[in-house]
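Quick note, the sequences are listed as chains E and H, same order. Here the first sequence stands for residues 1 to 1165, where the numbers follow this note's numbering. Here the second sequence stands for residues 1 to 123, where the numbers follow this note's numbering. Remarks on the structure that follows.
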Amino acid sequence: MSIGSAVNQNQYISGGGEMGALIRLKDWEKTSLGEMGQWPQSLLTVLNILLSSKFPMFLWWGPELICFYNDSYRPSLGNNGKHPGILGQPAIKAWPEIWDIIWPLIEQVKLGGESVWQEDQLIPIFRNGKIEDVYWTFSYSPVKDESGKNAGVLVVCTETTDKFLGLAKIAESEKKFRNLVTEAIVATSILTGKDFVIELANDEALKLWGKDRSVIGKTIVEAIPELKGQPYLKILDDVFTTGITYEGKENIAWLNIDGILKPVYVNFIYKALLDSNKNIYGILVMGYEVTEQVHARNKIAEAEERTQLALDAALLGTFDINLATDKIIFSNRFCEIFGFSHINPSHQEFLNAVHPDDLHIRNEATQKAFETGFLNYEVSIVWPDNSIHWINAQGKIFYDENKKPATILGTVKDITEQKNSLQVIEESEKKFRNTVMQAPAGIAILKGESFEVEMANEMYLRLVDKPEKGFVGKPLFETLPEVKDVVEPLLNNVLKTGTPYYANELEVMLNRYGKKEFGYFNLTYQPLRESSRSTSSIMVVATEVTHQVETRNALLEREKQFRSVVTQSPFAIAIIKDEADWIIDIVNPTMLKNMWRKELHEVQGKKLMEVFPELHGQKFPQLLKDVFATGKVHTENEAVAYVDGNDGRKKYFVDFEYAPLFESGTKVSGVMITVYDVTEKVEARQQIKDAADRLLLATEGTQLATWDLNLQTRDIIHSPRLAEIFGHERSVNLTHQQMREIIHPADVHEIVEKAFDEALQTGIYNYEARVVHPDNSIHWIRTQGKVVFDEQNTPQRMLGTIIDITERKRSLQIIEESEKKFRTLADSMPQFIWTGDKEGHLNYFNQAVYNYSGLTPEQINKEGWIQIVHPDDREENIKQWLHSVATGEAFLFEHRFKRYDGEYRWQLSRAIPQKDANGNLQMWVGTSTDIDEIKKHDQQKDDFIKMASHELKTPVTTIKGYVQLLLKTHTDSNDNFLSGSLITIDKQVSKLTKLITDLLDVTKIETGSLQLTKEAINIGEKVKEIIKDINATTQTHTIILHQHAEPVIYADKNRIEQVVINLLTNAIKYSPKAKEVIVEIKSSEKMVTVSVKDFGIGISSGDHKKIFERFYRVSGKDEKTFPGFGIGLFIVHEIIQLHQGKIWVESEKNKGAVFYFSLPVFTKE
Amino acid sequence: MMKEDIDVLLVDDDQDICIMMESILKFSGYSVQYCSVPEKLWQILSDKTPALLLMDMFLSGTDGRDICKKLKSNQETSSIKIMMMSAHPDGEETCLRAGADDFLAKPFDIDYFTDKVKRILKD
């Protein structure tokens, strides 16, 4: 196919954007798929779906896995890469760089038929001019062709490189975070799960708990059993459930340290840890021990208490400085505070003890005191032993009369302890800040109503894309004015109410990374309370979730697209959500209209089983349940489904798929049901199958085997009977090769292969050959078939039948043998033997015929057997033969055959029809016997009788003539004696003449030479005439005629007359005592019947047949007295027979007799 | 030379029959000549012209049917009526086939015979 004819490919593939156009333009003839016109419908269907899909899809088809993809997929191939080169390429050529990765997947799908799902799989491909690391989430699904085989693999995929790399970064960050935890100075641990398994705990934490590393991996209760009954477990539970961070200050915990249950004071934070889906998976515990501070403070408190008594007990150091003299008066305690052991240190000495770094504090405080009247400062002092101590000095200036400062009275307090503990706290706070600074979440502390950024960690700075300098120390909205609208009300509220604020995925517009963009954050605004209990600052903990939100939005968008694809799909699709209730979430119009036959409002959002209660008892609920449970696709073809639509129950055959939909990871959130109504197809096939079954039944009934050979693949499908014919069990499926091997070796090449080659040319397959059964018995088969050609006249299939003809062959063999015997026998006989088919065509002559006629079989074939017959005999011969053939009556004919030397010899031919069991004529078997000698002999005899008759009659003629002449000449004479004598002589001469005539007739009858000269006769007239003559000459009887009809017959007048005279003379002769003979003539439509009734001696029933035999004379004393040869009735019988008539008698002894004869009525035809 | 016309010329090798039949015909008033030696027939025919030739079929060495054919094929004699006669069963058939105008089966009744002659001579 040339490119120019691409227009024609529109009929197969339509639309599909760029890829659709490319597929249509492609010259497919050069690929293993061949031109598009030959593509299977399944491929075209998948391609149309693929091309119309907005999901990236890719298809591998056929044994070579030819590549197809759609426009959505195309960007994944990048620029300067595979597109468009791999379209139509075999997969191995298209994807060499990842062949090792994808080949096993394709095989698995093709062989196993199960879809494969892979998430974020790294499959580097060549694109954009280089090999790039690309991450894919994809499914491989098998695509079946018409035969139900997996012919292709459909890939639906999304490139997830961006998402995956994002996740990787988070993982990296997590790793860093964990390191941080481990190395943190603050006791830090991570508890995961509801049981709070200690996943991580740094050394500080272990030290705090008084436990070693073995606690890691245990639950908190296992690790620190003493916590039972203490409030911490409950707090952990609360945090885990609510996600609300809990901060504890100076809480007392009783911990078993070194085997002793000790109170430990701790400051701590319990903070919920969220996974990427915002689910709480654990708790971050950060804390530090403040036992000592507490103790210290408690001690100070005690001291303060005692301060009340200090004046009395002088527990405070007191001093009194005379400003004028700089003289100092102090208590002993004061001295102790400074570590002086001597009694009278000077003021200067005290001043010198102040740490040089702090001297300015003391000076400034003093200066201030002069202004305010009150002195208050804290400085460190250096003791004589160089140890550093802290003091707090408080005092009051007293003025003289001139209002001039005169003295300062005050107290000094050693606050070293206190200072130290504060320092610890400060350090600890510093450490905490450090931790915070490095925490993975953005943390900042906003102070006061202007929300001055007191502190912001690195992550926070990164989130807002601001340098620390110029951000920290400034009001938040000065540097981030763009967030003011959203954030300020929230912060104000926290500040006002003191209630923490939590926000998930708060959308905030940020001006960062050089542009304005929306970011999404999970935020906590935690009010930080000072001792006054009013909120003065807010801790902001922010985690950016922009990527997750965007990813999810993209997913939502994709789901929206997906829904739209589903809705527009030509396949019936529904999506069921909620594993428990099976809510119908989406259903497309195709499903509603064609399958469910319900309105959208009747189903959407409803429970599947409530909408379709008829599903109970069908298999679908269990399948659906399985798909929800296993997450595996369930596909089934031609399943039976009953659906009660608004128009009643309907039975469907459906191809359907239950495909799990995954929300996150492996959790099945829904099932997509795709249904394709194949009812018509199945029913049509069922009908075809029924028809085929019937055919099979019919063919099995006839013992016919049927087969269907694919000429391309040599795959053969055959009926069970075929295996039987080839000597195997019915259940065996034979291959074409196996069948060939069963053929008798002598017939394979000579017969079968020859016939096969011929069939490919002519389209007709036909042979008879032998097969050798496994038991070595030989059987005959007959194969008949025809070849089915495609438009290119290429043979595609051969269909046909095989029948076992062994029996037939055997009987044919037997017949052949028998025929051979017959021919041998026939040929060895001197008689002519011949056979004819049922139509009368002679098809065999024995050798004697050829020998006699001197003709060759070819000559007889060409000119016909009639050439042998004498020309004079031919017409009658053919007439007689055709009569026999038509009626099935035996053929008997005498005719002359021409001998090789030209002489004709008489033959008597007989042919007897051979009939089958049902009486149907099968063939004729004829013989011709040479009767020439007999014939001549008969002729001689005939001639002799005739001559004898002639010779006998000649003297009679003379006598009769003279007697009658004498009678004539002497009629006038009165000589009665003379005339009486002459009359007697004349009568006796007449009798003699009749006897001679009868004898001659018998001879004629015997030789078959009695000839009839037929004409139309009015038989009534004829009979009347005869009766008249006889009545005239008979004195004893009167013949009475009862004529009921005037029929005309076609007969020999003289012979019929002879019959009537004979019957009448017999009637008179055998009824000597009677006086009447009654003749009756009756006629039906076809026959005329004449009866002659006498009242004579009668004939016994045993003789009724015999009296018509030649020379038969009834025995008995009465009969013997009657003269005669016994040939009269024989002649009568023969004459009637020759006229196709019947003669019979009804009589009883002594009761007279009635002779009947009937003859056909003459018709003009 | 004028030939003599006669009514009937009888030809039969049996002289008794010839005389008997001549008597009957004469009795009936016909002019009759008979010939019992067939060889002499041609000589007689050169003298006489019979209206009817009454001839037996078998004539001792000659076949009456051949003579019949000969006469019927000769223009001079073809007008002579020929009635053949015989006691042979095949007589009537073969004689009529040979061209005879009528046939008389032997033996016969006189009345029958004279009727036949009368009819044929009338035609």
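Idealized CB from N, CA, C, for every residue including glycine.
- In this structure, the CA atom of Y12 (chain E) is about 15 angstroms from the CA atom of F68 (chain E).
- Residue nearest to P1072 (chain E) within the set E:V453, E:P570 and E:T1036 is E:T1036 (criterion: CA-CA distance).
- For the region 21–49 of chain H, the set of residues with a beta-carbon nearer than 9 angstroms to any beta-carbon of chain E comprises M21, S23, I24 and F27, in chain order.
- Counting along the chain, T160 (chain E) sits inside no alpha helix (DSSP H), nor does DSSP assign it H or E at all.
- For the set E:G498, E:F521 and E:T497, the Cα lying nearest the Cα of V508 (chain E) is the one of E:F521.
- Counted as a single uninterrupted DSSP element, the stretch harbouring L480 (chain E) is not any alpha helix (DSSP H), since DSSP gives it neither H nor E.
- When DSSP states are grouped into helix, strand and coil, W596 (chain E) belongs to the helix group.
- Taking C-alpha positions only, N553 (chain E) is separated from F268 (chain E) by approximately 37 angstroms.
- Every beta strand (DSSP E) stretch that sits fully inside the region 322–406 of chain E and reaches 3 residues is listed by chain position as 327–330, 374–382 and 388–399.
- When CB distances to chain E are screened at a threshold of 9 angstroms, the residues of the region 105–119 of chain H falling below it are A105, K106, P107, F108, D109, I110, D111 and F113, in chain order.
- Ranked by how close their Cα comes to the Cα of R333 (chain E), the residues E:D1001, E:S341 and E:F891 have E:S341 in first place.
- Residue pairing for N256 (chain E): DSSP places it in a beta bridge opposite E:L261.
- Excluding residues up to 5 positions away in sequence, T62 lie with their Cβ nearer than 8 angstroms to the Cβ of E39 (chain H) in the same chain.
- Against chain H, the beta carbon of Q964 (chain E) has neighbours under 7 angstroms at D109 and I110, listed in chain order.
- Given a length threshold of 3 residues, each whole run of the beta strand (DSSP E) inside the region 1019–1083 of chain E is given here in chain order: 1038–1043, 1048–1052 and 1076–1083.
- Taking 8 angstroms as the CB threshold, S86 (chain H) lines the interface with chain E.
- The beta carbon of K960 (chain E) falls within 8 angstroms of a beta carbon belonging to chain H, placing the residue at that interface.
- For V221 (chain E), the enclosing alpha helix (DSSP H) stretches over residues I220 to A223.
- Residue-level contact check: D13 (chain H) does not touch chain E, since none of the beta carbons of chain E fall below 8 angstroms from its beta carbon.
- The beta carbons of I1135 (chain E) and Q1058 (chain E) sit closer together than 8 angstroms.
- Nearest CB-CB separation between D102 (chain H) and chain E: not below the 8 angstroms threshold.
- In the three-state scheme derived from DSSP, where H, G and I count as helix and E and B as strand, T794 (chain E) is classed as coil.
- Chain-order list of chain H residues neighbouring L1000 (chain E): P89, by C-beta distance under 8 angstroms.
- In the DSSP assignment, E132 (chain E) falls within the unbroken beta strand (DSSP E) covering K130 to E132.
- Nearest to Y658 (chain E) by alpha-carbon distance, out of E:R127, E:K30, E:A629 and E:L122, is E:A629.
- With a threshold of 8 angstroms between beta carbons, D7 (chain H) makes no contact with chain E.
- Under the three-state reduction of DSSP output, P142 (chain E) falls in the strand class.
- V772 (chain E) and E638 (chain E) have their C-alpha atoms some 42 angstroms from each other.
- With respect to the 8 angstroms criterion, T929 (chain E) and Q831 (chain E) are classified as neighbours on the basis of their beta carbons.
- F1162 (chain E) sits in coil when the DSSP states are folded into three classes, being neither helix nor strand.
- Here the region 48–62 of chain E does not lie against the region 111–121 of chain E, with fewer than 3 beta-carbon pairs under 8 angstroms apart.
- Contact between G217 (chain E) and V197 (chain E) holds: their C-beta atoms lie close to 7 angstroms from each other, under 8 angstroms.
- Think of a sphere of 7 angstroms around the beta carbon of I67 (chain H): no beta carbon from chain E falls inside it, the nearest being about 18 angstroms out.
- Any Cβ of chain E closer than 8 angstroms to the Cβ of D16 (chain H) would place that residue at the interface, and such an atom is present.
- Residue environment for L154 (chain E): buried (at least 16 other C-beta atoms within 10 angstroms of its C-beta).
- Under a criterion of Cβ atoms nearer than 9 angstroms, the residues of chain H adjacent to S949 (chain E) are, in order, A87, H88 and P89.
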